[in-house]
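Visitor: Numbering (UniProt numbering), first residue to last: 1 to 328.
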Amino acid sequence: MQKVICFGEALIDLLSDKTAGDTQGHERFTKFAGGAPANVSVALAKLGGNAYFAGMLGQDMFGQFLSKELAEQGVKTDYVQFTKQAKTALAFVSLDQHGERTFEFYRPPAADLCFTVDHFNIRWFDEPGIFHFCSNSLTETGIYQATEKGIQLAKKQDWLISFDVNLRTNLWQPDASPRDMILGLIHHADVVKFALEELLFLAKDIKPQQFIQQLLNNGCQLVLLTNGAEPLCWYTASSSGTITPPAIVMCDATAAGDAFMGGVLFQLSQKNIISNDFTTWLSNTLKLESALNFASQCGAYAAAHRGAFPSLPNQDTLQDFFKGGARE
């Protein structure tokens, strides 16, 4: 089982007990561990993967809580750093009647942005593995440079690079250009995942299919396009297809994409695939679609449950849930 390093932010999701726009009565928030790369690391660990989280936490009660939660879920926290320079980031989350999310972030400043190029250790990449990141670690110059450093170290060792765009525009400064920053690193990734609205944002003035083809022409080996309950589309240099996600009763979409990504990385890490072997593996459509069907079930399970870490399945809960008709 290959090592997978999930790099970026771990933060506190404060989940409202009200639907968005409901102003009646008192609003209460429940604390959950979250942050997209942290969620992916937990998704992978709960499935039985060899998951590491790398990132900076605040030397505060929330940072200690996150470190403890990650470890309790089976994530290796050897690469977690702590700082007193900033507090752990917070995200206030409200859900609409369909379980879709609205975020209000307390970031920047935040501890995760204090991770620098000097915090990476080349020894982390001694064995074969996968390096996973998201666009939230591209929002400031320092963390962008750190992310780029991690990618460079991983690529030197022929690691697979995985990038979930996971764009949160309200995390970016008004004068920043998220599109330019994302496009600056996206071509390093072997696997790219984005939602439809993220694809449209990145493609801008060109046709979405043309943008996807550009990614494949420039070195990306697998593009994954999600659109909620609509079929997942996948693309490689030689083929493409769709996967219909399982029908579920939506509860909370907070970690659905991260659960899906964790499922993808679990499948790839099981196969011990390095970057140079990836094209050969992708040429077997049956194996690829089997892996994506598994990942799609992981995402659907998470969407049917509340919170981030608590909504992520292990092998047994996943199997039991879909045996029962995927309804809770």
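Ideal Cβ placement from N, Cα and C applies to all residues, glycine included. Keep in mind that this is a model prediction, so the values were computed, not measured.
1. Go to Ala-229, then tell me how far its beta strand (DSSP E) extends in each direction, as first and last residue.
2. Return the chain-ordered ranges of every beta strand (DSSP E) run that is complete within the segment 30-67 and spans a minimum of 3 residues.
3. Is the number of C-beta pairs between the segment 197-207 and the segment 239-250 that are closer than 8 Å three or more?
4. Mind checking if Gln-270 is an interface residue toward chain C, Cβ cutoff 9 Å exclusive?
5. When you compare only the Cα positions, how much space is there between Leu-66 and Asp-180?
6. At what residues does the beta strand (DSSP E) containing Gly-241 begin and finish?
7. Below 8 Å, is the gap between the Cβ of Lys-3 and the nearest heavy atom of the ligand COA?
8. Does the structure place the segment 155-170 close enough to the segment 206-215 that three or more beta carbon pairs sit under 8 Å?
9. What ranges does the alpha helix (DSSP H) occupy inside the segment 88-157, keeping only unbroken runs of at least 4 residues that lie completely in it?
10. Going by alpha carbons, who is nearest to Ile-182 out of Leu-224, Arg-107, Leu-153 and Ser-137?
11. Can you list, in chain order, the residues of its chain whose CB lies under 6 Å from that of Leu-286, leaving out five sequence neighbours each side?
12. Could you check what DSSP says for Ser-177 in three-state terms: helix, strand or coil?
13. Could you tell me the alpha carbon to alpha carbon distance between Thr-147 and Gly-25, rounded to whole angstroms?
14. Go ahead and pull the three-state DSSP assignment for Ile-12.
15. DSSP state of Trp-281, grouped into three classes?
16. Is the beta carbon of Ala-291 sitting closer than 9 Å to the one on Gln-267?
Guide: According to the structure shown:
1. Counting along the chain, Ala-229 falls outside any beta strand (DSSP E), and DSSP gives it neither H nor E.
2. 50-58
3. Contact fails between the segment 197-207 and the segment 239-250, because fewer than three Cβ pairs, one in each stretch, are under 8 Å apart.
4. Considering every chain present, this structure includes no chain C. It has just one protein chain.
5. 31 Å
6. 240-243
7. What this structure holds is no ligand at all, so the ligand COA is not there to describe.
8. no
9. Qualifying alpha helix (DSSP H) stretches, in chain order: 141-156.
10. Ser-137
11. none
12. coil
13. 43 Å
14. strand
15. helix
16. yes
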